[in-house]
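Here's the structure, in structure tokens; my notes come after.
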Amino acid sequence: MGGNRQLADRLAAAGQGHLIEVLAHATPADAAALTAQLDELDLELIARLVGQFVGHDEVASAAGPLAPPNAVPLARGPADEVRDRTARAAGEAALRAGHVGLVLLAGGQGTRLGFNGPKGNFPFGPVTGMTLFAHHAAKVAAVRTRYDADLPWCILTSPANDAVTRAAFADAAWFGLDPDSVRFVVQGTLPAVDSATGQLLLEAPGRLALSPDGHGGLFLALRRSGTLDWLADRGVQTMFTFQVDNPLTSIADPEFLGYHLGAGSDMSNLAVRKREPGERVGVIARRGDQTIVVEYSDLDDATAAARDAAGELVLWAGNVATHFIEAEFARRLTDDGLRLPYHRAIKKVPYLAASGRTVVPDDPNAMKFETFIFDALPIARASITVEIPRAAQFSPIKNATGSDSPESCRRDMNRLYAGWLEAAGVVVAHDDDGEPVDVELDPRLALDAADVRTRLAGHAPIDRPTALSAPWLATRLGDADLAR
Ligand code: UTP
């Protein structure tokens, strides 16, 4: 039939002729399902990506000397007191005016952690087993209360985890948030191809092997789903984007926001000082008048290790992947399709072989394509980077063990919360290695050291694993204060 002929021609032209054969031998139902998927697919884009990446190394898009980014340190003292009151006041005013939307990136696959399900469902709380979603939701609630503002919350999901993510929120009654103030946005997908031949892989007889199109997919997803309009209708001008796997995130930090607004920035970044030249973290840098993020794998050893006269790493700025982004900038970026470059990743992807058998490969066999959120930076008209102390705001859960794991996050969280409590005069027990006992703070009870000082001074010594939650506060203040 004409439709089939057309599809066959498109497949042949895109170098995917093997699928004509597959369609010819498929059951009618499988053929229909696969045809529907292929009709949705931009085969020309796939042909372009295969031509660019299969059989070639990924080349850095530009060359030239790298300099440190335009950066300011978050002016916090040791007890978390604020020193730059001007920036903070500007940020607080924007928050109180409701000009800020919150955007959680939760569409990833979390393969390194190896947890079955959306990473947001990972029960990271050492005492309560609280999930990452529950923790972020509690923080969103606390920030809304603090500024008495709506601050709508968007959650980026992917087709693979969208239903489970929505169910987690519904089952928990949206963690006490107004369901109308939370919106799920599903990012797009791109197909995986055989890394040697560029042929599209099938995951089942009538189904291509698809994966999320990378966190850069946020922009198109926000645009196509009407979410930029939804945010605009709610008065949002600036979006705070954060990652599901960093429970230490200071959501919509007012001082960071103040710097972003003061610099007239389209997109701003948080950075931590790299621990050592070889740390596996992207680096925020300047090339010419553009801000860029260079992946650690693209930095040669000498450049990564270069030091300035004071002995500090020149390229010190490790990317925390947390941003303020102007909604107008997201619109501009997507006015004409997506204006971000594609990257490739070589991964293990199970696939249906020509024999009809599913093969689970031992070695990476497939190429996936992704865009990255930080590739929007060079297009930004202005960008500012704000340095944060790592211990206070950054301890991501990426790996199952070792660094950036549930264990390291638990240690960092204990140290942070114990520090806040001790600054408020609360005695916290430490073990023989000097590590504080497990202590969890409900963000609705205390978002920072100042909240701990006003709300928890006078608390009894903490000598065993303890979760300090809103009910403890209720006994002191009465429920009315908590219900705001
Ligand atoms: P990572 O780069 O750590 O990827 O994502 P990941 O998929 O979560 O984990 P690995 O690499 O498979 O182990 C950083 C953040 O970006 C989000 C993730 O959910 C996480 O918050 N992300 C990543 C998306 O929202 N979409 C994507 O396509 C990729």
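Oh and the sequence shown: position 249 is 249 in our numbering, straight run, nothing missing.
Where is the CB? At the ideal position from N, CA and C, for every residue including glycine.
Note that the coordinates shown come from a computational prediction; the quantities given were computed from them, not determined experimentally.
query: Quick one: what does DSSP say Ile388 is sitting in, helix, strand or coil?; result: coil
query: Can you list every residue whose CB sits closer than 5 Å to some heavy atom of ligand 1, going in chain order?; result: Leu105, Ala106, Gly107, Gly108, Gln109, Gly110, Thr111, Arg112, Leu156, Pro212, Gly214, His215, Gln243, Val244
query: Rounded to the nearest angstrom, what separates Arg183 and Ile325 at their Cα positions?; result: 18 Å
query: State the DSSP-derived secondary structure class of Val452, mapped to helix, strand or coil.; result: helix
query: Tell me Cys154's beta-bridge partners as DSSP assigns them.; result: Val103, Arg183
query: Rounded to the nearest angstrom, how far is the Cβ of Leu151 from that of Val164, given a contact under 8 Å?; result: With 8 Å as the limit, Leu151 and Val164 do not qualify as a contact, their Cβ atoms being about 25 Å apart.
query: Name the two residues that bound the continuous beta strand (DSSP E) containing His323.; result: 317-326
query: Flag this pair as yes or no: are the beta carbons of Arg464 and Ala424 separated by less than 8 Å?; result: no
query: Are the Cβ atoms of Pro364 and Ile346 separated by less than 8 Å?; result: yes
query: For the beta strand (DSSP E) that His459 lies in, which residues bound it at each end?; result: Unbroken run through His459: none, as it is neither H nor E.
query: For Asn4, count the other beta carbons within 10 Å of its own beta carbon; 16 or more makes it buried, fewer makes it exposed. Which is it?; result: exposed
query: Give the range of the beta strand (DSSP E) segment to which Leu95 is assigned.; result: It is not in any beta strand (DSSP E) - Leu95 instead sits in the alpha helix (DSSP H) that spans 85-96.
query: Output the distance between the C-alpha atoms of Pro277 and Glu387, rounded to the nearest integer angstrom.; result: 17 Å
query: CB-CB under 7 Å to Gly198, same chain, minus the five flanking residues each way: which ones, in chain order?; result: Gly15, Val50, Val54
query: When the Cα atoms are used, what is the spatial distance from Thr303 to Gly311?; result: 14 Å
query: With DSSP as the reference, identify every bridge partner of Arg273, one or two as the case may be.; result: Ala317
query: Whole angstroms are fine: how far does the CA of Ala29 sit from the CA of Phe21?; result: Note that residue 21 is Glu in the sequence shown, not Phe. Cα-Cα distance, rounded: 16 Å.
query: Please report the distance separating the alpha-carbon of Arg410 from that of Asp433.; result: 15 Å
query: For Thr227, does the count of other Cβ atoms within 10 angstroms reach 16, so buried, or fall short, so exposed?; result: buried
query: Around the C-beta of Ser355, are 16 or more other C-beta atoms found within 10 angstroms, so that it is buried, or is it exposed?; result: exposed
query: Mapping DSSP to helix, strand and coil, what is Leu482?; result: Confidence in Leu482 is poor, its pLDDT being 46 and thus under 50, which makes the residue's placement unreliable; the coordinate value appears in the next sentence. Note: Leu482 maps to helix in three-state DSSP.
query: Thinking just about the alpha-carbon of each residue, which of Asp431, Asp448, Tyr417, Asp451 is nearest to the one in Ala467?; result: Tyr417
query: Taking DSSP's pairing of strands, which residues face Arg307 in a bridge?; result: Leu313
query: For Ala305, collect the residues of the same chain with a Cβ closer than 7 Å to its Cβ; drop the 5 residues on either side in sequence, then sort them by chain order.; result: Pro277
query: Nearest-angstrom Cα distance between Asp431 and Glu279?; result: 29 Å
query: Ignoring anything shorter than 3 residues or poking outside the segment 186-214, list the beta strand (DSSP E) runs there in chain order.; result: 189-191, 202-204, 210-212
query: Starting from the Cα of Thr511, find the closest Cα among Leu190, Ala429, Thr401, Ser408 and give me that residue.; result: A query on residue 511 cannot be resolved here, the shown segment of the chain reaching from 1 to 484 and no further.
query: Could you name the residues that DSSP lists as bridge partners for Glu370?; result: His343
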